[in-house]
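Colleague:
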Amino acid sequence: MTTAFIVVIISLGVLVWSADRFVDGASSTARHFGMPPLLIGMLIVGFGTSAPEMLVSSLAAWQGNPGIALGNAYGSNIANIALILGVTAMISPIAFHSNILRKELPILTMVTGLTVMLVWDTVMTRLDAGILLVIFAGFMFWSIRQGMRQRGDTLEQEMQQELSSRTLPLNRALFWLILGLLLLIGSSRALVWGAVTIATAIGISELVVGLTVVAIGTSLPELASSIMAIRKKEHDIALGNVIGSNLFNTLAVVGLAGSVRPLPVPPEALSRDIPLMAGLTLALFVIGYGFRGRPGRINRIEGAFLVITFCAYTAYLVASIT
Numbered sequence: 647m648t649t650a651f652i653v654v655i656i657s658l659g660v661l662v663w664s665a666d667r668f669v670d671g672a673s674s675t676a677r678h679f680g681m682p683p684l685l686i687g688m689l690i691v692g693f694g695t696s697a698p699e700m701l702v703s704s705l706a707a708w709q710g711n712p713g714i715a716l717g718n719a720y721g722s723n724i725a726n727i728a729l730i731l732g733v734t735a736m737i738s739p740i741a742f743h744s745n746i747l748r749k750e751l752p753i754l755t756m757v758t759g760l761t762v763m764l765v766w767d768t769v770m771t772r773l774d775a776g777i778l779l780v781i782f783a784g785f786m787f788w789s790i791r792q793g794m795r796q797r798g799d800t801l802e803q804e805m806q807q808e809l810s811s812r813t814l815p816l817n818r819a820l821f822w823l824i825l826g827l828l829l830l831i832g833s834s835r836a837l838v839w840g841a842v843t844i845a846t847a848i849g850i851s852e853l854v855v856g857l858t859v860v861a862i863g864t865s866l867p868e869l870a871s872s873i874m875a876i877r878k879k880e881h882d883i884a885l886g887n888v889i890g891s892n893l894f895n896t897l898a899v900v901g902l903a904g905s906v907r908p909l910p911v912p913p914e915a916l917s918r919d920i921p922l923m924a925g926l927t928l929a930l931f932v933i934g935y936g937f938r939g940r941p942g943r944i945n946r947i948e949g950a951f952l953v954i955t956f957c958a959y960t961a962y963l964v965a966s967i968t
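Numbering-wise, the working numbering comes out as the position in the sequence shown, counting from 1, plus 646.
(1) What's the C-alpha gap between V780 and V860?
(2) For a test of the three-state rule: what should DSSP assign to I862, helix, strand or coil?
(3) CB-CB under 8 Å to T599, same chain, minus the five flanking residues each way: which ones, in chain order?
(4) Let me check understanding here. Comparing Cα to Cα, which of P913, G949, P908 lies closest to N726?
(5) Assign V911 to one of three DSSP states: helix, strand, or coil.
(6) Does Y959 pass the burial test, meaning 16 or more other C-beta atoms within 10 Å, or should it be called exposed?
(7) Suppose you measure from the CA of M700 to the CA of E868; what does that come to, to the nearest Å?
(8) Would you mind working out which of A783, Q709, M805 sits nearest P908, comparing C-alpha positions?
(9) Could you tell me the distance, in whole angstroms, from the CA atom of T771 to the CA atom of N817?
(10) Measuring straight from C-alpha to C-alpha, what distance separates T734 and I944?
(11) Can you name, in chain order, every residue of its own chain whose Cβ lies under 7 Å from the Cβ of A884, other than the five neighbours on each side?
(12) Which residues share a DSSP beta bridge with M770?
(13) Just to confirm, is the Cβ distance from A819 to T675 under 8 Å?
(14) Identify which residue in V838, W839, T858, V932 has its Cα closest to the Cα of P752.
(15) Going straight from the alpha carbon of P698 to that of L830, what length do you get?
(16) Using 10 angstroms around the beta-carbon of M794, count the other beta-carbons present and answer buried if the total reaches 16, otherwise exposed.
(17) Decide if A961 is buried, meaning its Cβ has at least 16 other Cβ atoms within 10 Å, or exposed.
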């Protein structure tokens, strides 16, 4: 089991590093071929930051470890809102400026509600997964239209500023794109093996491992990029990382994993993890959307409450193991 712990730690480090290199390479490559900055932020960065979850959950489903697959996806959603946005808001209050993100918030809320309905029969069937993937395709089409049509959005301005300082020469961009993808695949396989080995050795459910070690580990790229964005006063990039990642996790990550193999949903996930994910998503919508002309905003107190919620939830999971 010691070997498995070492493999998990090393693979998480490689996963985070390679995801960052993959995003840099993909974004710079897209920029060289003339893709608009807003579209890069909505699609390329969204795919890149969710690539660890996609690979880990798909590999886990293919190897017959549904607990890792679902725990990774839903645990990442919980960590993205409660941990990442909470920590980021505690550093600096986050204001919602982008109209694009205001449109994505209700989409994320409705998609999360649909997920609850689909898994309520305790299984994510291939039909359920197909529904999620069809909705994901529709979301991609909508995102492309928004990225091509929308001009002057604050998210576009922040992405333009970010890309101007990070764009790589085309040959280096392609190098990091390919190397980052290969390392993502290799580290994902190692992470799934290590997580399953630890769960088997300790005698705990794969779901708990997926919700904790794997989910938090695959969410580290979003945490790092959100903290860097908020330090640069790029609020919409910090928010877009989380909202986009949760949409990709809910639709593409679970959809791909469920299409590989039907995923049984443990009762504790229905009574504990999925309701918390849905509650946090609804809270994010209420806090962030803004009503009666008031712009959405996550202040430090709300951020602290999110972090406390995440710590209490994690403590409860750990207590359930012992």
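Built from N, CA and C at the ideal position, the CB exists for glycine as well.
Modeller: Short version:
(1) Along the sequence shown, one-based indexing puts residue 780 at 134. Along the sequence shown, one-based indexing puts residue 860 at 214. Straight-line Cα distance between these residues: approximately 27 Å.
(2) Your numbering for residue 862 matches position 216 in the sequence shown. The answer is helix: DSSP assigns I862 an H, G or I state.
(3) In the structure as shown, the chain starts at 647 and stops at 968, and residue 599 therefore has no counterpart that could be examined.
(4) For this step, residue 726 is matched to residue 80 along the sequence shown. Out of P913, G949, P908, the CA that lies nearest to the CA of N726 is found in G949.
(5) Stepping through the sequence shown from its first residue, residue 911 is reached at position 265. Of the three classes helix, strand and coil, the one that applies to V911 here is coil, per DSSP.
(6) Locating residue 959 in the sequence shown gives position 313, where the first residue counts as 1. Classification of Y959: buried, given that the 10 Å Cβ count is 16 or more.
(7) As a first step, residue 700 is located in the sequence shown; it is residue number 54 there, counting from the start. As a first step, residue 868 is located in the sequence shown; it is residue number 222 there, counting from the start. A direct Cα-to-Cα measurement between M700 and E868 gives close to 14 Å.
(8) Here the question's residue 908 lines up with position 262 in the sequence shown. Minimum Cα distance to P908 is reached at Q709.
(9) On the sequence shown, position 125 is the one that residue 771 refers to. On the sequence shown, position 171 is the one that residue 817 refers to. When rounded, the distance between both Cα atoms is 42 Å.
(10) On the sequence shown, position 88 is the one that residue 734 refers to. On the sequence shown, position 298 is the one that residue 944 refers to. Distance between T734 and I944, taken at the CA atoms: about 9 Å.
(11) In the sequence shown, counting from the first residue as 1, residue 884 sits at position 238. Within the same chain, T734, I740, S872, A875, I876 come within 7 Å of A884 by CB-CB distance, once the 5 residues on both sides are set aside.
(12) One-based indexing of the sequence shown puts residue 770 at position 124. Answer is L909.
(13) As a first step, residue 819 must be located in the sequence shown, where it is residue number 173. As a first step, residue 675 must be located in the sequence shown, where it is residue number 29. For A819 and T675, yes; Cβs fall inside 8 Å.
(14) Here residue 752 corresponds to residue number 106 of the sequence shown, with the count starting at 1. Minimum Cα-Cα distance from P752 among the listed residues V838, W839, T858, V932 corresponds to V932.
(15) For the purposes of this step, residue 698 is taken as residue 52 along the sequence shown, with counting starting at 1. For the purposes of this step, residue 830 is taken as residue 184 along the sequence shown, with counting starting at 1. In a straight line, the C-alpha of P698 is about 7 Å away from that of L830.
(16) If you number the sequence shown from 1, residue 794 lands on position 148. Only exposed fits M794, as fewer than 16 other CB atoms lie within 10 angstroms of its CB.
(17) Translated into the one-based positions of the sequence shown, residue 961 becomes position 315. Around the C-beta of A961, fewer than 16 other C-beta atoms lie within 10 Å, and the residue is accordingly described as exposed.
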